[in-house]
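Visitor: Before anything else, here's the structure in question.
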Amino acid sequence: MELDQRKIPYNLIDAGQHGGITGDLIEQFDLKPPDVFLRAEKTTIKTLWQAIRWVTNSFVQIITKPKAISKHVFQNEKGICLIHGDTLTTLISLLYAKRCGLKTAHVEAGLRSFRLFNPFPEEIIRLLAMRFSDVLFAPSDWAYKNLEDMGYAKKSIHASGNTIVDTVRYALEKAKGRPLLKRPYVIVTIHRVETIYSRSRLQFITDFLEQVAAERQILFVLHHPTENQLQRFGLYERLASHPMIELLPLQPYLEFVRLLANADFIVTDGGSIQEESYILNKPCLIMRTTTERMDGLGENAFLSDFSYERSVQFLDQLSSFHSHKMTDTIKPSHTIVDHILQWA
Numbered sequence: 031m032e033l034d035q036r037k038i039p040y041n042l043i044d045a046g047q048h049g050g051i052t053g054d055l056i057e058q059f060d061l062k063p064p065d066v067f068l069r070a071e072k073t074t075i076k077t078l079w080q081a082i083r084w085v086t087n088s089f090v091q092i093i094t095k096p097k098a099i100s101k102h103v104f105q106n107e108k109g110i111c112l113i114h115g116d117t118l119t120t121l122i123s124l125l126y127a128k129r130c131g132l133k134t135a136h137v138e139a140g141l142r143s144f145r146l147f148n149p150f151p152e153e154i155i156r157l158l159a160m161r162f163s164d165v166l167f168a169p170s171d172w173a174y175k176n177l178e179d180m181g182y183a184k185k186s187i188h189a190s191g192n193t194i195v196d197t198v199r200y201a202l203e204k205a206k207g208r209p210l211l212k213r214p215y216v217i218v219t220i221h222r223v224e225t226i227y228s229r230s231r232l233q234f235i236t237d238f239l240e241q242v243a244a245e246r247q248i249l250f251v252l253h254h255p256t257e258n259q260l261q262r263f264g265l266y267e268r269l270a271s272h273p274m275i276e277l278l279p280l281q282p283y284l285e286f287v288r289l290l291a292n293a294d295f296i297v298t299d300g301g302s303i304q305e306e307s308y309i310l311n312k313p314c315l316i317m318r319t320t321t322e323r324m325d326g327l328g329e330n331a332f333l334s335d336f337s338y339e340r341s342v343q344f345l346d347q348l349s350s351f352h353s354h355k356m357t358d359t360i361k362p363s364h365t366i367v368d369h370i371l372q373w374a
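Positions 31 to 374 (my numbering) are the ones given, in order, by the sequence shown.
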C-alpha cells in the first residue's frame, strides 16, 4: 500500500502458497491484482505432500529454466525483490530472485530461535534469507543486534517495527463501526507443522481447550492442515461436539483482526499472531517451546512450553498480562520504502 500511495511502480508476485485467500487479501487492502502467479492452481496448499510437490517443482524450475523465470516472473528487469518472513514462499522467492541476478531485501530479518531445527524449516529459511539477501530490515532492537552479531551490520537497517504494525492499524480503521460479538470469547488458532503433526501436542491443546471451555466460549479458527490432523488423531469430534467451542473456517483478515481485538485472550502457535496480540494489547498464550519473537514476552505474552502448570498459571494471572500502547509514529512500511528506493 505504501508503494501505491507514493505511485511507485512495482510487480506483485503471487507465489501460490496461499492461493485460496490471496484474492480476498488483495480486495480488502485495495491492492492491484498480482502481475505474476508462480503456481497455476488458485488454491491454498493444504497438505504436507502438496507443499513438498510445490517446493520440488519450484526448485526444478529454478535450476533448469532461469531464462524463462527472468522473462515470465521478472519481465527481464533488474531491480530489488522484497521477501518477507521465514516461510517456504520466502525461500522460493529468494532463490528465484538470486538465480535471475536481482537484489533481494529481507523484511523481518534478525529473528532467531537459535535452534536449527526448532522451528523447522523456518529457522533454516531465516538463516538462508539473511545470508544471501542484499538488504536486511530488522523489526526490533533485538533483531538488529542479532544481525550485528552475525556480521551483517553493513547491510542491516532498523525498521522500527514489523510491517504488521501498519497492517493491523489499517485493519482496525477499516473495521470501525462493524457490529461486535456481544458475548465474551477466546480466540484460538494453531497451524505450525511441529504442532499439528505431533499427536501429543494436539492432544495437550485439546485437553487445555476443554478446560478453558468449562468457563469461556472458544472460537477456534481452523487452518485446513490443522483440521486434517485433528481428524487424523481423533480429536476433531471432541472439539466439534463441545457446546462452548465453535470451530470456524479461516476468516477474512479484517474480520480476524476484529475478532482478535475484542477477544478476552488468545491461544496460538503463530508468530504473526503473537505480534498482533502485542499490538492489540491482548493476553496471549503461545503454544510453543520457543519463539523467535520477543514481542510481548514478559508483558502480554506467555510461553506455554506445553506445560500444564504454565498454562494454568497463564489463566490464573490473566489480568497481569498487558503490553505497552503502540504509538502511531511507528511506520515500518514507510521506512522500508524509503530505503529500497536507494537500492532499486
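Ideal placement from N, C-alpha and C gives every residue a C-beta, glycine not left out.
For the beta strand (DSSP E) containing residue 275, list its first residue and its last residue.
Guide: Numbered from its first residue, the sequence shown carries residue 275 at position 245. Residues 275 to 279.
Visitor: With a cut-off of 8 Å, do at least 3 Cβ pairs link the segment 60 to 70 to the segment 134 to 142?
Guide: No, the segment 60 to 70 is not in contact with the segment 134 to 142.
Visitor: Short of 7 Å in beta carbon distance, which residues of its chain neighbour residue 32, apart from the five on each side in sequence? Order them along the chain.
Guide: Along the sequence shown, one-based indexing puts residue 32 at 2. Closer than 7 Å at the Cβ level, and outside the excluded window around residue 32, lie 363, 364 and 367.
Visitor: Note down, one range per segment and in chain order, each alpha helix (DSSP H) of at least 4 residues found wholly within the segment 112 to 193.
Guide: Here the runs fully enclosed are 118 to 129, 152 to 162 and 171 to 179.
Visitor: Ignoring anything shorter than 4 residues or poking outside the segment 184 to 254, list the alpha helix (DSSP H) runs there in chain order.
Guide: Listed in chain order, the complete alpha helix (DSSP H) runs (minimum 4 residues) inside the segment 184 to 254 are 194 to 205, 223 to 226 and 229 to 242.
Visitor: Check whether the segment 154 to 169 and the segment 197 to 211 touch, using three or more Cβ-Cβ pairs below 8 Å as the test.
Guide: The segment 154 to 169 vs the segment 197 to 211: no contact.
Visitor: Would you identify the three-state DSSP class for residue 299, choosing helix, strand or coil?
Guide: Your numbering for residue 299 matches position 269 in the sequence shown. In this structure, residue 299 counts as coil in the three-state DSSP scheme.
Visitor: Mark residue 47 as exposed unless 16 or more other C-beta atoms lie within 10 angstroms of its C-beta, in which case mark it buried.
Guide: One-based indexing of the sequence shown puts residue 47 at position 17. Its Cβ being crowded by 16 or more others within 10 Å, residue 47 is buried.
Visitor: Pop quiz: residue 216 and residue 295 are said to be a contact at Cβ under 8 Å. What is the actual Cβ separation, rounded to whole angstroms?
Guide: As a working note, residue 216 is residue 186 in the sequence shown. As a working note, residue 295 is residue 265 in the sequence shown. Sure, about 6 Å apart at Cβ, within 8 Å.
Visitor: In angstroms, rounded to a whole number, what distance separates the CA positions of residue 287 and residue 293?
Guide: Locating residue 287 in the sequence shown gives position 257, where the first residue counts as 1. Locating residue 293 in the sequence shown gives position 263, where the first residue counts as 1. For residue 287 and residue 293, the distance between alpha carbons rounds to 10 Å.
Visitor: Within the continuous beta strand (DSSP E) that includes residue 331, where are the two ends?
Guide: For the purposes of this step, residue 331 is taken as the residue at position 301 of the sequence shown. From DSSP, the beta strand (DSSP E) with residue 331 extends over 331 to 333.
Visitor: With residue 316 as the anchor, note down where its beta strand (DSSP E) starts and where it stops.
Guide: Along the sequence shown, one-based indexing puts residue 316 at 286. Its beta strand (DSSP E) spans residues 314 to 316.
Visitor: What are the boundary residues of the alpha helix (DSSP H) that includes residue 363?
Guide: Translated into the one-based positions of the sequence shown, residue 363 becomes position 333. Here the alpha helix (DSSP H) through residue 363 covers 362 to 373.
Visitor: Note down the Cα distance separating residue 219 from residue 113, rounded to an integer number of angstroms.
Guide: For the purposes of this step, residue 219 is identified with residue 189 of the sequence shown, where counting begins at 1. For the purposes of this step, residue 113 is identified with residue 83 of the sequence shown, where counting begins at 1. Rounded to the nearest angstrom, the two C-alpha atoms are 25 Å apart.
Visitor: Between which residues of its own chain and residue 260 is the CB-CB distance below 6 Å, once the five residues before and five after are set aside?
Guide: Position 230 of the sequence shown, counting from 1, holds the residue named residue 260. For residue 260, where only same-chain residues beyond five positions count, the Cβ hits under 6 Å are 266.
Visitor: Bridge partners of residue 48, per DSSP?
Guide: Reading the sequence shown from its first residue, position 18 is the one you call residue 48. Beta-bridge pairing links residue 48 to 74.
Visitor: Would you report the Cα separation of residue 193 and residue 34, rounded to the nearest angstrom?
Guide: As a first step, residue 193 is located in the sequence shown; it is residue number 163 there, counting from the start. As a first step, residue 34 is located in the sequence shown; it is residue number 4 there, counting from the start. Their backbone Cα atoms lie some 15 Å apart in a straight line.
Visitor: So, under 8 Å CB-CB, residue 316 and residue 333 are touching, yes? Tell me the CB distance rounded to an integer number of Å.
Guide: Translated into positions along the sequence shown, residue 316 becomes position 286. Translated into positions along the sequence shown, residue 333 becomes position 303. Going by Cβ atoms, the distance from residue 316 to residue 333 rounds to 5 Å, so yes, they are a contact pair.
Visitor: Cα-Cα, which of 311, 251, 189 and 102 is closest to residue 359?
Guide: As a first step, residue 359 must be located in the sequence shown, where it is residue number 329. When each option's Cα is compared against that of residue 359, the closest is 189.
Visitor: Between which two residues does the alpha helix (DSSP H) containing residue 290 stretch?
Guide: Start at 1 with the first residue of the sequence shown, and residue 290 comes out as number 260. First-last of the alpha helix (DSSP H) with residue 290: 283 to 291.
Visitor: For residue 174, I'd like the list of residues in its chain whose CB is within less than 7 Å of its CB, leaving aside the five on either flank, ordered along the chain.
Guide: To locate residue 174, count along the sequence shown from 1; it is residue 144. 140, 168, 186 and 188.
Visitor: When you compare each of 291, 116, 318 and 58 to residue 283 by their alpha carbons, which one comes out closest?
Guide: As a position in the sequence shown, residue 283 is number 253, starting the count at 1. Among 291, 116, 318 and 58, the Cα nearest to that of residue 283 is on 58.
Visitor: Exposed or buried, what is residue 38 when buried is set at 16 or more other beta-carbons lying within 10 Å of its beta-carbon?
Guide: Looking up residue 38 in the sequence shown gives position 8. It is exposed - the Cβ of residue 38 has fewer than 16 other Cβ atoms within 10 Å.
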